[in-house]
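Below is one structure; the comments refer to it alone.
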Amino acid sequence: MGTEKIGRYEYKVFGEICYMLGFVYMEFEMYPKAIYYLVFLHGSEEVKYEIEFINALTNSKDIRTLGVVNSERQRVESNNNMDDEEKIMYLSFLKRRYGYILIEMEKIKEAVQYFMSLLADENCKEFAKQELEYLRGKYKN
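Numbered by this note's numbering, the letters in the sequence shown go through residues 727 to 867 in order.
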C-alpha cells in the first residue's frame, strides 16, 4: 500500500505518531531511532517536527546537521507564507543551533566569527553575546 492513497487526516495522524515516537527516543537519548521516525517528517513544514529532527541530528553528532540547518534556513528565509512570529522564532532557533554545531565541531574561529555576525540580529543579539563570553572563557588562549 502506497502513501499516495492516504488522506490528509491519515497523513496528519501518521506525522503525529512519528513525532511522538521520535520525541520519546530523544528523551531516552536513542538518537538513531529518533532520527528514523523524525526523518519521515523532514520537509513537512511543521516547525515542531523540523526542530525535533534537527535536535536529533545535532545530539547524535550526525554529519548531515550543518547541511540540514543551512538548507532549512534558506527555505524559511524565502518562505513568504509562514506566520511572521513563527518564522522569527524558527529562524532564531536555526541560527542558535548552527552556532552550537560549530562549537561541537570545535570550529572555534568560525564560531566566533559567526556569533560576531549575529550581534547585528536583534533576535539573536543576547544569545550571541552569551556564546562569545562562553567561548572567551573556555578558549582564553
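Note that beta-carbon positions come from the ideal geometry of N, C-alpha and C, so glycine has one too. All of these numbers come straight from a predicted model, not from anything done at the bench.
Straight-line gap, residue i to residue j (C-alpha atoms, nearest Å)
i      : j      : result
ASN781 : LYS731 : 31 Å
MET727 : LYS833 : Bear in mind that a pLDDT of 47 at MET727, under 50, signals an unreliable position, so the number given afterwards is only what the model happens to contain. Near 46 Å, if we compare the C-alpha coordinates of LYS833 and MET727.
GLU864 : LYS835 : Glu is not the amino acid found at residue 864; the sequence shown has Lys there. Going from the Cα of LYS864 to the Cα of LYS835 covers about 13 Å.
ARG838 : PHE740 : Correcting the residue identity first, residue 838 is Val in this sequence and not Arg. Spanning the two alpha carbons is a distance of roughly 41 Å.
GLU742 : VAL750 : 12 Å
PHE754 : ILE789 : 21 Å
ASN796 : VAL802 : 10 Å
SER843 : ASN806 : 24 Å
LEU898 : GLN800 : With the chain covering only 727 through 867, there is no way to say anything about residue 898.
LEU858 : LYS866 : 11 Å
LEU764 : GLU771 : 13 Å
Selected residue, minimal CA-CA separation from residue i, among the options
i      : options                        : result
LEU845 : PHE740, GLY825, ILE829         : GLY825
HIS768 : SER786, PHE754, TYR745, LYS787 : TYR745
LEU861 : TYR840, GLU848, CYS850         : TYR840
TYR737 : PHE766, ASN806, ILE814, ARG823 : PHE766
VAL794 : LEU747, LEU820, ILE814         : LEU820
LYS759 : SER786, SER843, GLU859, GLU771 : SER786
ILE814 : SER770, MET842, ASP847         : ASP847
Proximity of residue i and residue j at Cβ, strictly below 8 Å
i      : j      : result
TYR816 : VAL773 : yes
GLU776 : GLU798 : yes
MET756 : GLU778 : no
ARG822 : THR784 : no
Beta-carbon separation (whole angstroms), residue i vs residue j, contact threshold 8 Å
i      : j      : result
THR791 : ILE827 : 6 Å
ASN849 : SER818 : 5 Å
At least 3 beta-carbon pairs within less than 8 Å: the segment 844 to 859 vs the segment 802 to 812: no
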